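Residue numbers (this note's numbering): 292 to 458. A virtual CB, placed ideally from N, CA and C, is assigned to each residue, including glycine. Model, not experiment: these values are computed from the prediction. Scroll down for the structure; my scribbles are underneath it.
Below is the structure:
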């Protein structure tokens, strides 16, 4: 395993190293999401390389079993990134759960600080008093609205004529 880690490119090695528990311990949720995306991209890259190389080697080796043996290094690399992705996913889930609990506690605390609306007294129940005169629709006289309504009415009339012609 150590030999494989040393054979990784510097960028890939940095990604793997960033997934160690000590490195992830002080990351917040946003940083973990970013790391998760980086690891997932790297994992997808290595899985793709493994599959493409395996497909090519089946033709040259003559069988899938022989091609798999010749492609072990790529398979192990893909597995290393799969493990790294699972570590980041677990850490992200823990941080997200903790964050959700904190947010829920904040919401509950805020809800307890504001008084609940009082229930109406028996005398007030059932009657709603208007605080001002009812609003009237002032938009009916708008020329744009009149034009649009006329167009809608005409379109309806055209559809009806079309239907009547069919029967």
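Nearest neighbour of residue i, chosen from the options [CA to CA]
i	options	result
residue 321	423, 374, 400, 382	382
residue 327	444, 384, 409	384
residue 366	388, 375, 376, 340	340
residue 307	319, 317, 332	332
residue 303	361, 353, 376	376
residue 369	458, 444, 447, 296	296
residue 364	354, 446, 299	299
Residue range of the alpha helix (DSSP H) that includes residue i
i	result
residue 389	363 to 404
residue 298	293 to 298
residue 432	First-last for residue 432: undefined, no H or E at that position.
residue 332	320 to 352
residue 308	301 to 309
residue 313	312 to 315
Outcome for residue i when other beta-carbon atoms lying within 10 angstroms are tallied against a minimum of 16
i	result
residue 348	buried
residue 441	exposed
residue 405	exposed
residue 423	exposed
residue 394	exposed
residue 310	buried
residue 371	buried
residue 343	exposed
residue 334	buried
residue 362	buried
Rounded straight-line distance, which links the Cα of residue j to that of residue i
i	j	result
residue 455	residue 425	43 Å
residue 380	residue 336	18 Å
residue 360	residue 305	28 Å
residue 435	residue 448	20 Å
residue 450	residue 391	55 Å
residue 443	residue 437	10 Å
residue 324	residue 378	12 Å
residue 463	residue 329	Only positions 292 to 458 of the chain appear in this structure, which leaves residue 463 out of reach.
residue 439	residue 452	20 Å
residue 352	residue 338	20 Å
residue 294	residue 373	18 Å
residue 354	residue 345	10 Å
residue 312	residue 318	10 Å
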